[in-house]
Amino acid sequence: MELKVTFWGVRGSFPCATPQHMLYGGNTACVSVESGDEVIILDAGTGLWQLGKYLVAKGVREATMLMSHTHTDHIIGFPFFAPAWIGSFHLDIFAGHLRDNGGVRSVFAEQMRDPLFPVSLSHMAANMGFHDFEAGEDLVIGDRIHVKTCRLNHPNGATGYRITSGGRSVCYVTDTEHYPGRRDPNVMDLVQNADVMIYDSTYSDEEYARGRVGWGHSTWEEAIRIGKDANVGRVYIFHHDPDNTDDKMAAVERQARQLWDRVTIAREGMAIEL
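Residues are numbered in our numbering as their position in the sequence shown, beginning at 1, plus a constant of 178.
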């Protein structure tokens, strides 16, 4: 069974709706993985708005959402996710960092609580299940999709995912900070020999060293180093800094391809079929 990966939002921190952010995209993190009738949603940034319209048009009746973490840029699209307002839709939401901190349902409910939002989570008509687990546990979706998880290095916690179906694997590793001079063993174990790795590449090595240590993000050079060391089929640079305009991203793409021909910068609307 083939896997189809689509990037609906590739930006980090906050959405960028300017003419200088159109080529690579300004919506925050949201990626879908489709395998047969199964739809997996990775994060609920502003890109979720467009994914929701796609799912409604396609007549999809159920999906699974895997949260890397629940900082605002990764959940802000949820109130505008059209399927969540349809009574016949079923959505399971998983998070690996909140079991001992109120649970994932409480986070989604809080962002829609008065006076932050005019309509509460309880008004959404879809049948929704909220599931908390510990990063490092394995998950099974449907009858054929295996999901391996790991703990990432990010303030308040975050989870990386490896989705495997039909012998193909896609890894989603965003909002994590690397350890300079050595590979993160959790990440290396997760992504070893994967077909695709989507990786937090918010900064360059130079930018990271210039005052961004401890902010919870990594670099596009580290993405390449991990990809080479772990024998990843293709690496996708993801979670672009809002300050990175299209011109800046194009320059990063040229530099990255000079270092390794198996690296691509994720763009909003880009689709991959494995």
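Even glycine gets a Cβ: it sits at the ideal position worked out from N, Cα and C.
Less than 6 angstroms between C-beta atoms, sequence neighbours within five positions excluded: which residues of the same chain meet that for residue i?
i	result
residue 124	Beyond the ends of the chain as shown, which are 179 and 452, falls residue 124; an answer cannot be given.
residue 238	217
residue 409	371
residue 380	190, 395, 417 and 419
residue 366	408
residue 294	none
residue 448	185
For residue i, which residues of its own chain have a beta-carbon under 8 angstroms away from its beta-carbon, when the five flanking residues on both sides are left out?
i	result
residue 439	none
residue 311	272, 273, 274, 277, 317 and 327
Report, in whole angstroms, the separation of the C-beta atoms of residue i and residue j, which I expect to be a contact under 8 angstroms.
i	j	result
residue 246	residue 372	Rounded, the Cβ-Cβ distance is 16 angstroms, inconsistent with contact.
residue 291	residue 300	Wrong, their Cβ atoms sit about 10 angstroms apart, outside the cutoff.
residue 446	residue 186	7 angstroms
residue 188	residue 418	6 angstroms
residue 210	residue 229	6 angstroms
residue 443	residue 202	7 angstroms
Report the three-state DSSP secondary structure of residue i (helix, strand or coil).
i	result
residue 444	coil
residue 180	coil
residue 269	strand
residue 202	coil
residue 404	helix
residue 294	coil
residue 417	coil
residue 186	strand
residue 307	strand
Mark residue i as exposed unless 16 or more other C-beta atoms lie within 10 angstroms of its C-beta, in which case mark it buried.
i	result
residue 257	buried
residue 206	buried
residue 334	exposed
residue 400	buried
residue 356	buried
residue 251	buried
residue 259	buried
Residues in the same chain with beta-carbon distance under 7 angstroms from residue i, minus the five sequence neighbours each way, listed in chain order, please.
i	result
residue 384	none
residue 361	404 and 407
Within 8 angstroms of any Cβ in chain C, is that where the Cβ of residue i sits?
i	result
residue 446	The chain labelled as chain C is not found in the depicted structure, where only one protein chain is given.
Would you call the segment 275–282 and the segment 216–233 in contact, with 3 or more CB pairs under 8 angstroms?
In this structure the segment 275–282 does not touch the segment 216–233; the number of beta carbon pairs closer than 8 angstroms is below three.
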